[in-house]
Structures are given as C-alpha cells and as structure tokens.
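Undergrad: Handing you a structure now.
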Amino acid sequence: MSVRLQNLRESNDFLNILFEKMPSLVLLADQDMKIVELNDVYETLFGQSRESAIGVRCGNALGCAFAVTEGRLCGETTNCDRCRIRQAAQASLLDKTPTDREKLVHSFFIDGQKEERHFEFSTRPIRFDGRDLVMLILYDVTDLERKNQALVKKQAKIDESLQAAGCIQQNLLPKSLPRPDRLDFAWHCRPCDEIGGDILNVLSLDGDHVGFYMLDVAGHGAPSAMISVLVYQLMDPHTGILVDHTATPPAIRGPEEVLDILNREFPYMRFERHFTMVYGIVDLTEGTLTYSNAAHCHPTVLSPRHGLRFLTESGTIVGLEGVPFGQETIHLAPGDKVLLVSDGLLEATDSGRRMFGDERFEDLLADLRHVSPADLIQGLLNDLQAFIGDQPLTDDVSLLAFEYRDA
Numbered sequence: 006m007s008v009r010l011q012n013l014r015e016s017n018d019f020l021n022i023l024f025e026k027m028p029s030l031v032l033l034a035d036q037d038m039k040i041v042e043l044n045d046v047y048e049t050l051f052g053q054s055r056e057s058a059i060g061v062r063c064g065n066a067l068g069c070a071f072a073v074t075e076g077r078l079c080g081e082t083t084n085c086d087r088c089r090i091r092q093a094a095q096a097s098l099l100d101k102t103p104t105d106r107e108k109l110v111h112s113f114f115i116d117g118q119k120e121e122r123h124f125e126f127s128t129r130p131i132r133f134d135g136r137d138l139v140m141l142i143l144y145d146v147t148d149l150e151r152k153n154q155a156l157v158k159k160q161a162k163i164d165e166s167l168q169a170a171g172c173i174q175q176n177l178l179p180k181s182l183p184r185p186d187r188l189d190f191a192w193h194c195r196p197c198d199e200i201g202g203d204i205l206n207v208l209s210l211d212g213d214h215v216g217f218y219m220l221d222v223a224g225h226g227a228p229s230a231m232i233s234v235l236v237y238q239l240m241d242p243h244t245g246i247l248v249d250h251t252a253t254p255p256a257i258r259g260p261e262e263v264l265d266i267l268n269r270e271f272p273y274m275r276f277e278r279h280f281t282m283v284y285g286i287v288d289l290t291e292g293t294l295t296y297s298n299a300a301h302c303h304p305t306v307l308s309p310r311h312g313l314r315f316l317t318e319s320g321t322i323v324g325l326e327g328v329p330f331g332q333e334t335i336h337l338a339p340g341d342k343v344l345l346v347s348d349g350l351l352e353a354t355d356s357g358r359r360m361f362g363d364e365r366f367e368d369l370l371a372d373l374r375h376v377s378p379a380d381l382i383q384g385l386l387n388d389l390q391a392f393i394g395d396q397p398l399t400d401d402v403s404l405l406a407f408e409y410r411d412a
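Each residue of the sequence shown is one higher than the one before, counting from 6 in my numbering.
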C-alpha cells in the first residue's frame, strides 16, 4: 500500500470504508484527470493492475473507446467535451458540486475487446494535502441492465402474445345474429386488460329458439380468459350441452340444466376459479324468456309500458357442486328489451373511489328504456365514461341487450 493512500485512509474513517468495503470502483483524480489512487476493484472491472493506473489519465486507464481508437490522451479526444464523467468531475473540482448515481453507458476496451458497459457514477470534491481532488465512484450495473433489457424484451413478447390473444377473444364475440326479424341484439365487451374473463354470445338453437349468455370469470387476465374461452367452446349447439342430440328429435336443454352441466365441468377445486353466468332462451313461438342465473348481475327487462323489472331468480356461482340454480320463465311483450351487464359496470369507480352503483344504473335505465338496444348500450357506456373520467377500469365491462319484436 502506498504511503499516500495509507495517509489518506488513516486521515478519514469514511474514506477507509470507501476504499476497503465498497464493491464499486473508487478512484481519486487531480485537475488533469490523472489518477492519484484507486481501489482494487479496478483490477476486477478492467483487467489491469492497480499500480498501472496511477498517474494515468482517467479515460486512458479505464480504456475509453475514444481514447484507444483515436490514440489520444483523455481530455483530447473528439468525445471529451461530451463526456459526462469529465463534466461531473470538473464540476466537483471547480464548483464543489457533487454528482449522485448518474447513469452512464459507454464503450471501453477491456482485455483488448471493445465492450459496452453500464455504470452509475457519483463524484465528490476532496481536499487533501493541499490539493483539490475529485473522488469518482463507479457502480458497475452492466449485468443488472442486461437482465433488465432481457426482461423488457421478454415482457414485450408477452404483451404481443396477449394482444394477439385479445384479438382472438374479440373475434369470438357475436358477428351474425339469429332472427333479426324478431330480436334486435346489441352488445359491447371491454376487457380491462388485453384479455379478460368476460365473454358473451348469441346463438340459434333451432328455428324458433334463440339462446344467449354472459359469463364473468373471477379475476381477469390470461387465467380467467382461458376459462371463458373453454366455456365458449362448450356452449356451442353441436357439443351436446345446449341441445341433447341423443333424443329423437333433438331436445333443447333448459337453462338450469345447462348450468348444472357447466357446474360439473368446472369445479372450483380443479380450476381454482369460479364464474357467474346468465343463460337464457327466447321462445319465439310462445313469446317467452326462460333463464337461469348463477350469481350474475340480475337481468333487467325494460318495458315501454311497465318500466323496469329485475329478474331476481338466482343461484350460486358456477364451481360449487350440489346447489341448485333455479329457473324462471316470463312472457315478453313486443317492444320489451332485456339487458345483461357484468359487475365491472356497477363496480367501476371514479377518482373519489365512489362506485357507479345500482342507484345510478337504475336511474339511467329509466331514462333509456325507450331507446333501441344499440342506443341503450351506448348511453350506458357514455355515462360510465363520464363517471370514471380518466380512471382506468379495474374489471371487464360487458353489456348485452335485445328487443323482442312481434311476428
């Protein structure tokens, strides 16, 4: 150990900690950026002996790519005027201005190979033995930065996959709707992430029966979306769940029976997810709606003559075995509209953390009960946006409405 460094270390316990304990490179430089002293971390980072750096200008000792490729001294290269280490060191020497954890990305020649390194550096002015010096502390964060960059790339791929999955999920939503002469459908499904746990559909069961459903899987994101897509696939008229093809002629299963089947297919103990769901069947011959509800938001009938009616027949969530869901049949009058919503609408919050809530929802429906299904849904969405402002949604929002028309 040199006498200079020994005296410097003994003069200040804090400097002793810096030189002996810190895992970062610590060096002292004079006004010409010549290194006066440095710790042993230099050998680990730059592959040169500590003694070889004493008296050498900082950029040359560190293997600055500009100094090496141009064959010039530190302070004379084409980059020196832009070098943040030099600028910060001069500020500490002349103005006594320290620098704290500033980021630096720079290329150095290490063991003859050009290599980009990521550092955070700090500077401190020091007065020792009648000389103004600058202490430069270099924290090598190259490995951490490379790991961060790898994570960013990985996350970008995940985001890209989620966006693609979101597009696929959106393409599962209704396109061509059955019996537009008797039923005027409109819908909207807005996940709070790229993909969500809500899904809905409208499907023809035969010439006189139209089925519709909405489900909301607990949570959101990929796990919930996977379950919603599985249910979507099962809720196809050709799978045998909605229509019993073993019967002669094929028999349409009632909504409660369908939910019972799904309840057995999706036990909570297996999937660790539950979902709420409404499944209904419109009988166009009889003018009736038969529905079963697994703890979903109550469907609403909006009648031009009789106002609002909430269909409150409901069971528990899908995923708990042995609990009946119940079923109800009501008559529809021409002009009646039926609305299904997910709880993402009712539980949306504004900047003051106030919920959209049932009261606002009911008041809004009273004002919108005479408009078309499309205008009904748009009116709800407009009011939701006005309510939440710039607050992000914390749950998926789904809406499905239809108007029953006379033959």
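Built from N, CA and C at the ideal position, the CB exists for glycine as well. All of these numbers come straight from a predicted model, not from anything done at the bench.
1. Kindly list the residues whose CB is nearer than 7 Å to the CB of V61, restricted to its own chain and excluding five residues on each side of it in sequence; keep chain order.
2. Kindly indicate the opening and closing residues of the beta strand (DSSP E) around P130.
3. Run through the region 228–307 for me and flag every whole alpha helix (DSSP H) of 4 or more residues, listed as ranges in chain order.
4. Let me know if P329 comes out buried or exposed under the rule of 16 or more other beta-carbons within 10 Å of its beta-carbon.
5. Any idea what DSSP makes of E199, helix, strand or coil?
6. Exposed or buried, D186, counting other C-beta atoms within 10 Å across all chains shown (16 or more means buried)?
7. Could you tell me the alpha carbon to alpha carbon distance between V31 and A58, rounded to whole angstroms?
8. Using the Cα positions of C79 and I142, report the straight-line distance between them to the nearest angstrom.
9. For the alpha helix (DSSP H) that R91 lies in, which residues bound it at each end?
10. Can the beta-carbon of G201 be found closer than 9 Å to that of G226?
11. Roughly how many angstroms separate the alpha carbons of L325 and Y237, rounded to a whole number?
12. Can you check which of these residues, S112, T83, K119, P130, is closest to A96 by C-alpha distance?
13. State the Cα-Cα distance for the pair C63 and N153, rounded to the nearest angstrom.
14. Could you give the first and the last residue of the continuous alpha helix (DSSP H) run that contains R55?
15. Would you tell me roughly how many angstroms separate the C-alpha atoms of G384 and K108, rounded to the nearest one?
16. Helix, strand or coil: how does DSSP classify G320 here?
17. How big is the Cα-Cα spacing for P378 and E199?
18. Indicate whether L188 and F407 have their beta-carbon atoms separated by less than 9 Å.
19. Looking at the strands, I want to know which residues DSSP matches up with L350.
20. By the DSSP assignment, the alpha helix (DSSP H) with F392 in it spans what residues?
21. Is it right to say M274 is buried, meaning 16 or more other beta carbons lie within 10 angstroms of its own, or is it exposed?
22. Would you call the CB atoms of L220 and F280 closer than 9 Å?
23. Considering only the beta carbon of each residue, do L313 and T321 sit closer than 9 Å?
24. Kindly indicate which residue of R136, P309, L210, F217 has the alpha-carbon position closest to the one of D249.
25. Indicate whether S297 and V283 have their beta-carbon atoms separated by less than 9 Å.
26. Could you check which residue in Q168, R122, R132, I173 has the C-alpha nearest to that of D148?
27. Taking the continuous beta strand (DSSP E) assigned at V402, which residues delimit it?
28. Alpha carbon to alpha carbon, what distance is there between M140 and T128?
29. In angstroms, rounded to a whole number, what distance separates the CA positions of T317 and H375?
30. Where do the ends of the alpha helix (DSSP H) carrying V104 lie?
31. With C-beta atoms as the reference, is K119 less than 9 Å away from A72?
32. Helix, strand or coil: which one does DSSP assign to V8?
33. Determine the direct distance from the alpha carbon of E262 to that of Q332, and round the result to whole angstroms.
34. When the Cα of M231 is compared with those of I204, F217, L182, which residue comes out closest?
35. Taking 7 Å as the limit between beta carbons, can you name the residues of its chain near M336, skipping five residues before and five after?
36. Between which residues of its own chain and F392 is the CB-CB distance below 8 Å, once the five residues before and five after are set aside?
TA: Quick look at the numbers:
1. K39, I40
2. 118–133
3. 260–270, 273–276
4. exposed
5. coil
6. Per the 10 Å Cβ criterion, exposed.
7. 12 Å
8. 18 Å
9. That run of the alpha helix (DSSP H) goes 89–100.
10. yes
11. 20 Å
12. P130
13. 28 Å
14. 55–58 is the extent of the alpha helix (DSSP H) around R55.
15. CA-to-CA, the gap between G384 and K108 works out to about 50 Å.
16. strand
17. 26 Å
18. yes
19. In the DSSP output, where bridge partners are listed per residue, L350 has none listed.
20. Start and end: 378–393.
21. Its Cβ having fewer than 16 others within 10 Å, M274 is exposed.
22. yes
23. no
24. L210
25. yes
26. R122
27. 402–409
28. Taking the straight line from one Cα to the other gives about 5 Å.
29. 22 Å
30. Per the sequence shown, residue 104 should be read as Thr rather than Val. Element bounds for T104: not the alpha helix (DSSP H) but the beta strand (DSSP E), 104–115.
31. no
32. Summary for V8: the model assigns pLDDT 42, below 50, so the residue's position carries little reliability, and this model does not support an answer.
33. Distance between the alpha carbons of Q332 and E262: 9 Å.
34. I204
35. Correcting the residue identity first, residue 336 is His in this sequence and not Met. By the criterion of a C-beta distance shorter than 7 Å, H336 is surrounded in its chain by G292, T293, once the five residues flanking it on both sides are discounted.
36. A353, D355, F361, R365
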